[in-house]
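Q:
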Amino acid sequence: MKLVRYGAPGAEKPGMVDAQGQVRDLSAHVADIAGAALGVAELARLAAIDPATLPVVAVDRYGPCVGAVGKFLCIGLNYSDHAAETGATVPTEPVIFTKATSAIIGPDDNVEIPKGSTKTDWEVELGIVIGTEARYVDEADAEQHIAGYCVINDVSERAFQLERQGTWDKGKGCDTFGPIGPWLVTRDEVADPTALGMWLAVNGHRYQDGSTATMVYKPAFIVSYVSQFMSLQPGDVISTGTPPGVGMGQKPPVFLKAGDVMELGIEGLGQQRQTVVAYKA
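In the numbering used here, the protein residues as written are 64 to 344.
1. Please state the DSSP three-state secondary structure of Tyr199.
2. Going by the beta-carbon positions, is the gap between Leu106 and Met79 smaller than 9 Å?
3. What do you reckon, are the CB atoms on Ile159 and Ile191 nearer than 9 Å?
4. Between the Cα of Gly304 and those of Glu220, Gln337, Ile243, Asn216, spot the shortest distance and give me the residue it belongs to.
5. Looking at Glu330: is its Cβ nearer than 9 Å to the Cβ of Leu259?
6. Determine whether the beta carbon atoms of Gly73 and Gln296 lie at a separation below 9 Å.
7. Label Gln337 either buried or exposed according to how many other C-beta atoms from any shown protein chain fall within 10 Å of its C-beta, with 16 as the threshold for buried.
8. Using CA coordinates, which residue listed in Ala344, Asp88, Met278 is at the minimum distance from Asp113?
9. Using only CA atoms, which one of Thr161, Cys128, Asn141 lies nearest to Ala276?
10. If you run the structure through DSSP and keep just helix, strand and coil, what is Leu101?
11. So, under 8 Å CB-CB, Asp299 and Gly133 are touching, yes? Tell me the CB distance rounded to an integer number of Å.
12. Decide if Met261 is buried, meaning its Cβ has at least 16 other Cβ atoms within 10 Å, or exposed.
13. Closest to Ala147 by CA distance: which of Met278, Gln291, Tyr342, Val339 is it?
14. Helix, strand or coil for Tyr288, going by three-state DSSP, please let me know.
15. State the Cα-Cα distance for the pair Phe223 and Asp204, rounded to the nearest angstrom.
16. Go ahead and pull the three-state DSSP assignment for Gly190.
17. Using 8 Å as the Cβ pair cut-off and three pairs as the minimum, do the segment 230-250 and the segment 261-273 touch?
18. From Val103 to Val339, what distance separates their C-alpha atoms?
19. Taking the Cβ atom as the reference point for each residue, do Arg124 and Asp172 lie within a distance shorter than 9 Å?
What follows is the structure, given as structure tokens:
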């Protein structure tokens with residue numbers, strides 16, 4: 064099942080994508096694709112609805128595919144080939160950092176270069192959406208807490224992240240730095256989340272062309288690991304790392320500027336397209 068949220072920012076409605084790629088309105092059946100609606104029983108209830116009985120809607124804008132995100136967590140240096148391009152070694156345990164939930168935007172919304180930025184960069188990533196509370200869960204049981212998967216662009220300001228002291232969060236949580244969607248693809252439709260092609264292009268030039276196969280720490284392990292430090296709640300999102308090809312890894316480095324267009328996608332999870340705009344006071 065592919066679930067979406069569509070409409071104006073802050074007023075998104077829930078929808079389902081049918082077999083023909085049309086969006087069907089779910090407003091009569093669920094208030095939002097968020098929180099308790101992501102639980103096993105609720106997802107089963109939605110999956111049992113015949114899409115043909117739902118109104119077809121024209122979509123002018125996709126919103127983030129998950130609403131009311133409580134925690135937006137990320138795993139750093141989780142691809143062996145990306146770690147190599149940055150000159151880093153794969154950490155012996157997952158690196159966890161956060162993106163501010165105020166960074167979350169729709170998959171095709173504009174990405175804004177922050178005030179004072181000199182090194183805004185891109186990262187296509189597989190996102191995990193939590194469906195049921197996970198607290199001290201074993202890896203063998205972790206998948207049952209996953210509602211589904213989505214595409215995330217972990218936009219990053221490298222000078223803020225690496226040169227301004229402190230944690231990575233400074234360069235990760237800027238406004239518009241978290242495009243999510245277009246679809247939340249439920250777990251039953253993703254046969255192997257560790258074997259998905261993923262790519263990202265800027266102005267038509269493909270910089271990232273990788274696979275979740277080079278992910279070091281896999282989704283089930285990540286959910287189990289994070290749950291040892293904090294409970295994961297329905298609707299929490301975890302971005303799981305990026306393959307090589309980021310801007311700072313180019314020789315010489317390449318960073319985003321106003322007018323650039325990012326296009327990215329993951330096999331079976333849909334595509335995003337963002338235009339980069341300058342900060343305006």
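For each residue, glycine too, the CB sits at the ideal point set by N, CA and C.
A: The short version:
1. As a working mapping, residue 199 is identified with position 136 in the sequence shown. Tyr199: coil per DSSP, three-state reduction.
2. Reading the sequence shown from its first residue, position 43 is the one you call residue 106. Reading the sequence shown from its first residue, position 16 is the one you call residue 79. The answer is no: Cβ separation not under 9 Å.
3. If you number the sequence shown from 1, residue 159 lands on position 96. If you number the sequence shown from 1, residue 191 lands on position 128. In this structure, Ile191 does not lie closer than 9 Å to Ile159 by Cβ.
4. Taking the sequence shown and counting its residues from 1, the one referred to as residue 304 is at position 241. The shortest C-alpha separation from Gly304 is found at Asn216.
5. Start at 1 with the first residue of the sequence shown, and residue 330 comes out as number 267. Start at 1 with the first residue of the sequence shown, and residue 259 comes out as number 196. In contact: Glu330 and Leu259 (Cβ atoms closer than 9 Å).
6. What you label residue 73 is simply residue 10 of the sequence shown in a count that begins at 1. What you label residue 296 is simply residue 233 of the sequence shown in a count that begins at 1. Not in contact: Gly73 and Gln296 (Cβ atoms no closer than 9 Å).
7. As a position in the sequence shown, residue 337 is number 274, starting the count at 1. Label assigned to Gln337: buried.
8. For this step, residue 113 is matched to residue 50 along the sequence shown. For Asp113, the nearest C-alpha among the options comes from Asp88.
9. In the sequence shown, counting from the first residue as 1, residue 276 sits at position 213. Selected option, being the one with the closest Cα: Asn141.
10. For the purposes of this step, residue 101 is taken as the residue at position 38 of the sequence shown. Collapsing the DSSP output to three states places Leu101 in a helix.
11. Numbered from its first residue, the sequence shown carries residue 299 at position 236. Numbered from its first residue, the sequence shown carries residue 133 at position 70. Confirmed, about 5 Å.
12. Residue 261 sits at position 198 when you count from the first residue of the sequence shown. The residue in question, Met261, is buried, as its Cβ has 16 or more Cβ neighbours within 10 Å.
13. In the sequence shown, residue 147 corresponds to position 84, counting from 1. If you compare the alpha carbons of Met278, Gln291, Tyr342, Val339 with that of Ala147, the shortest gap goes to Met278.
14. Here residue 288 refers to the residue found at position 225 of the sequence shown. Note: Tyr288 maps to helix in three-state DSSP.
15. Locating residue 223 in the sequence shown gives position 160, counting from the first residue. Locating residue 204 in the sequence shown gives position 141, counting from the first residue. Here the C-alpha atom of Phe223 lies approximately 37 Å from the C-alpha atom of Asp204.
16. On the sequence shown, residue 190 is found 127 positions in, with the first residue counted as 1. Strand, per DSSP.
17. In short, these stretches do not touch, since the Cβ pair count stays below three.
18. Your numbering for residue 103 matches position 40 in the sequence shown. Your numbering for residue 339 matches position 276 in the sequence shown. Pairing Val103 with Val339, the inter-Cα distance amounts to about 37 Å.
19. Reading the sequence shown from its first residue, position 61 is the one you call residue 124. Reading the sequence shown from its first residue, position 109 is the one you call residue 172. In this structure, Asp172 lies closer than 9 Å to Arg124 by Cβ.
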